[in-house]
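Just so it is clear: in the sequence shown, position 237 is 519 by this note's numbering, and no numbers are missing.
This report concerns only the one structure given below.
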Amino acid sequence: MAELGMVGGSEGVGEESFERLLEESLARSRVRLNQGDRVRGTVLSVGRRDAVVDLGAKREALLDRGEVTMSGEPLSLNVGEEVEGTVVDEGSEGEPARITAQVPGGRLGRQWLAEAKRENRTVTGVVRGYNRGGLEIQIGGVRAFCPMSQVDARPPDDLSVFVGQRLSFKVHDLRGRQVVVSHRSLLDEERNAKAQETLANITEGQTLHGSVASLHDFGAFVDIGGVDALLPTSEVTRRRIAKPSDVLKPGQDLDVQVLKIDLGEGRRRPRVTVSLKALETDPWEAAREWLLEGAAFRGKVVGIQPFGVFVELVPGVDGLIHVSDLAGGRHVEHPEEIVSPGQEIDVLVGPVDWENRRVSLSPLVPIAERAPEETTGGSFGTTIGEALKDRQGRQ
């Protein structure tokens, strides 16, 4: 701040001349402010609507109490505290300037956002609305737009949930008068940093917690900490399923075991394969106590092939009934002529191949000889005596 010096001697200087010289000296010491200048000052007083900020060099400015900072936090406007802002009105002679602590409006705001884009700075705005294309954002005095593709890595189903939220963005583009921002860019940065940490510490055989990111016929992708790991359909469960969506849903939390890690080379992305099935109790080990040749059970049809049908005895343990046994010696073009998925039938256990986990089954009575009402009902784990008694009761 400029200091005032003594103005010559006082002899021969009239009172009016002294006042004029003093005003000229004060005017010279005042720092000129221009729109767009970044300034720092100290809060002198806090009124109902504005705070008065001392900018030094004989300049004061007004700051709206209702503003937030560039980072989106509420302003702290206590007397004696320092604040930063942008000059939006230089103020007329004898009048205070006006500053803003947030992104200014108009041309100044666009200049500020252009600098934020060059320097990759983060800006904060409030979601004021939405349309089919994305979110309408208010960043201080500037209106901006966040396209659907820039909201998140996966376009959200319902944009209305964002209205009223204060979010952080990167300035994506300045197109004419339109400002385009991206929330996804920040999420991608965070996710990439998290992925690097995950890949640096991951090992095969490790159990990790994750969530289902997406479902496909060939498998599911599980987010295990910034990394989308592949969970093949064959590794979802020991049960026989057609596709992962039979037992999983997007966003579901689950633990998985790491089967394979490929960190990739050059531009190839790292690939991680995981298994949910590996963490399940092996039903075939438990089956050694009850899966005995000659035992009878009521099972459920879980697969139909031209050569026969697969019948589930308990989840994870199923056996095959050959089509010739299924039809009782009758000729059928395809087993689906006499059975349907989900149908329950009484079966006898034949030879068990424990090494390859295969078991041959045969129906207690050929399906083709049964009455329609005999093909449903019952439960798993029926003994042969119970199965025969139940069947006799239905005859």
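A virtual CB, placed ideally from N, CA and C, is assigned to each residue, including glycine.
Treat the numbers as computed from the prediction; the structure is a model and nothing was measured.
Alpha carbons only, please: which of 578, 464, 597, 461 is nearest the one belonging to residue 559?
597
Have a look at residue 330 and residue 348 and give me their C-alpha separation to the nearest angstrom.
10 Å
Hey, which unbroken runs of the beta strand (DSSP E) at 3 residues or more fall wholly within the segment 340 to 412?
341 to 346, 364 to 371, 379 to 382
Residues near residue 531 by beta carbon distance below 8 Å, same chain, minus five either side:
Correct list, in chain order: 494, 497.
Is it right to say residue 557 is buried, meaning 16 or more other beta carbons lie within 10 angstroms of its own, or is it exposed?
Under this definition residue 557 is a buried residue.
How close, in whole Å, do the beta carbons of residue 466 and residue 432 come, if the pair is a contact with beta carbons under 8 Å?
5 Å
Using the rule of at least 16 other Cβ atoms within 10 Å of the residue's Cβ for burial, across every protein chain shown, is residue 589 buried or exposed?
Exposed, since its Cβ has fewer than 16 Cβ neighbours within 10 Å.
Residues bridged to residue 535 by DSSP?
493
Residue 554 versus residue 570: straight-line alpha-carbon distance, rounded
One C-alpha to the other measures close to 34 Å.
Residue span of the alpha helix (DSSP H) that contains residue 605, given as start and end:
605 to 608
Kindly indicate the opening and closing residues of the alpha helix (DSSP H) around residue 467.
466 to 483
Would you list the one or two residues that DSSP bridges to residue 524?
BP columns for residue 524 are empty, so no partner.
Quick one: using the 10 Å Cβ neighbour count with 16 as the cut-off for buried, is residue 435 buried or exposed?
Residue 435 is exposed by the Cβ-count criterion.
Helix, strand or coil: how does DSSP classify residue 622 here?
Residue state for residue 622 is assigned as coil, using DSSP reduced to three classes.
DSSP bridge partner residues for residue 452 (one or two, in chain order):
404, 464
Check whether residue 379 and residue 369 have beta carbons under 9 Å apart:
Contact: yes.
From residue 476 to residue 505, what does the alpha carbon distance come to, in whole angstroms?
Approximately 11 Å between the Cα atoms of the pair.
Measure the CB-CB distance between residue 573 and residue 591 and report whether it falls below 9 Å.
Here residue 573 is not near residue 591, since their CB atoms are 9 Å or more apart.
Which residue's Cα is closest to the Cα of residue 396: 315, 412, 424?
424
Residue 454 and residue 443 - do their beta-carbons sit closer together than 9 Å?
no
Pair within 9 Å by beta-carbon distance, residue 321 and residue 337
yes
Whole-angstrom distance between residue 359 and residue 328, CA atom to CA atom
7 Å
Residue 432 (DSSP reduced to helix, strand or coil):
helix
Per DSSP, what kind of secondary structure is residue 569 in: helix, strand or coil?
Correct three-state label for residue 569: helix.
What does the Cβ neighbour count give for residue 580, buried or exposed, with the cut at 16 atoms within 10 Å?
buried
Is the separation between the beta-carbon of residue 599 and that of residue 641 shorter than 9 Å?
Taking 9 Å as the Cβ cut-off, residue 599 and residue 641 qualify as a contacting pair.
Does residue 500 pass the burial test, meaning 16 or more other C-beta atoms within 10 Å, or should it be called exposed?
Classification for residue 500: exposed.
Starting from residue 324, follow its DSSP beta bridges and name the residues at the other end.
336, 364
In its own chain, which residues sit with a C-beta less than 8 Å from the C-beta of residue 470, not counting the 5 before and 5 after it?
Answer for residue 470: 435, listed in chain order.
Distance, Cα to Cα, residue 502 vs residue 440?
Cα-Cα distance, rounded: 23 Å.
Unbroken beta strand (DSSP E) run spanning residue 642, endpoints:
640 to 645
For residue 512 versus residue 537, is the C-beta distance shorter than 9 Å?
no
Using DSSP's beta-bridge definition, name the partner residues of residue 557.
Under the DSSP definition of a beta bridge, residue 557 partners with 539.
In the DSSP assignment, what residue or residues form a beta bridge with residue 591?
586, 603
Cβ neighbours of residue 372 in the same chain (closer than 6 Å, five flanking residues each side left out):
315, 379
Does DSSP classify residue 445 as helix, strand or coil?
coil
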